[in-house]
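Be aware that the sequence shown starts at 148, since it is given in the working numbering, and climbs by one per residue.
So the structure is just underneath, and the comments pick up after that.
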Amino acid sequence: MRSLLVVMVAILLAAAGLIRVDSPAEAAGGGYASTCGGGETFLYASEMRLLALHNNARKNHGLKPLCVHPTLQEAARAHSKDMIQHDYYAHVTRGSNENACARILRFGYRWSSCGENIGYNPTPEGVFLSWMRRSTHSSNILDSGFREVGIGARTGQYNDSKTTMYTVDFGARH
Numbered sequence: 148m149r150s151l152l153v154v155m156v157a158i159l160l161a162a163a164g165l166i167r168v169d170s171p172a173e174a175a176g177g178g179y180a181s182t183c184g185g186g187e188t189f190l191y192a193s194e195m196r197l198l199a200l201h202n203n204a205r206k207n208h209g210l211k212p213l214c215v216h217p218t219l220q221e222a223a224r225a226h227s228k229d230m231i232q233h234d235y236y237a238h239v240t241r242g243s244n245e246n247a248c249a250r251i252l253r254f255g256y257r258w259s260s261c262g263e264n265i266g267y268n269p270t271p272e273g274v275f276l277s278w279m280r281r282s283t284h285s286s287n288i289l290d291s292g293f294r295e296v297g298i299g300a301r302t303g304q305y306n307d308s309k310t311t312m313y314t315v316d317f318g319a320r321h
């Protein structure tokens, strides 16, 4: 009930021009996830699904679940949005040549270790499976040192095709 109310308020605010909702379909299936500080944050449906896939894989390997850190969330969403808006696919931000860990630091996350997975696929399941097949990506997902995460999903045009761009920023603080 709470998720439906949030979606309805978001749609009304968007219609009034007070906020921007990327897609009512994305917002409609979203929900609340636990933040690392004990609160909650709203995730779009694809972000929520990707968090569940990460935590299921970690559980199957005897690891603690990831919690959402609002600063990592902001950095991940911004990177996915930037890649869609500027039609590129890279860990390094186009124009500034800023790598993932520098970008995360710029957003205010003071990390002792950080990592990032990026991918594009129409579904969270598709991108997650591709990450689990590659050791460089699965090692981030299954790294016991990472406890905090931010997940950004943005749907749009990339290489003349509609897809969803995903960024997952992992971190551990001092």
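Even glycine gets a Cβ: it sits at the ideal position worked out from N, Cα and C.
>> What ranges does the alpha helix (DSSP H) occupy inside the stretch 205 to 232, keeping only unbroken runs of at least 4 residues that lie completely in it?
In response: 217 to 232
> Taking C-alpha atoms, which residue in 273, 300, 274, 312 lies nearest to residue 189?
Replying inline: 300
> Does the Cβ of residue 276 have 16 or more other Cβ atoms within 10 Å, making it buried, or fewer, making it exposed?
Replying inline: exposed
>> So for residue 270, helix, strand or coil by DSSP?
In response: coil
>> Going by DSSP in three states, residue 248 sits in which element: helix, strand or coil?
In response: helix
> When DSSP labels each residue in this structure, what does residue 308 get in the three-state scheme?
Replying inline: strand
> Under the three-state reduction of DSSP, which class applies to residue 281: helix, strand or coil?
Replying inline: coil
>> Less than 8 Å between the C-beta atoms of residue 279 and residue 227, yes or no?
In response: no
>> For the beta strand (DSSP E) containing residue 188, name the first residue and the last one.
In response: 187 to 190
> Anyone know if the C-beta pair for residue 267 and residue 305 falls short of 8 Å?
Replying inline: yes
>> Output needed for residue 259: all residues of its chain with C-beta closer than 8 Å, excluding positions within five of it in sequence on either side, in chain order.
In response: 319, 320, 321
> When DSSP labels each residue in this structure, what does residue 298 get in the three-state scheme?
Replying inline: strand
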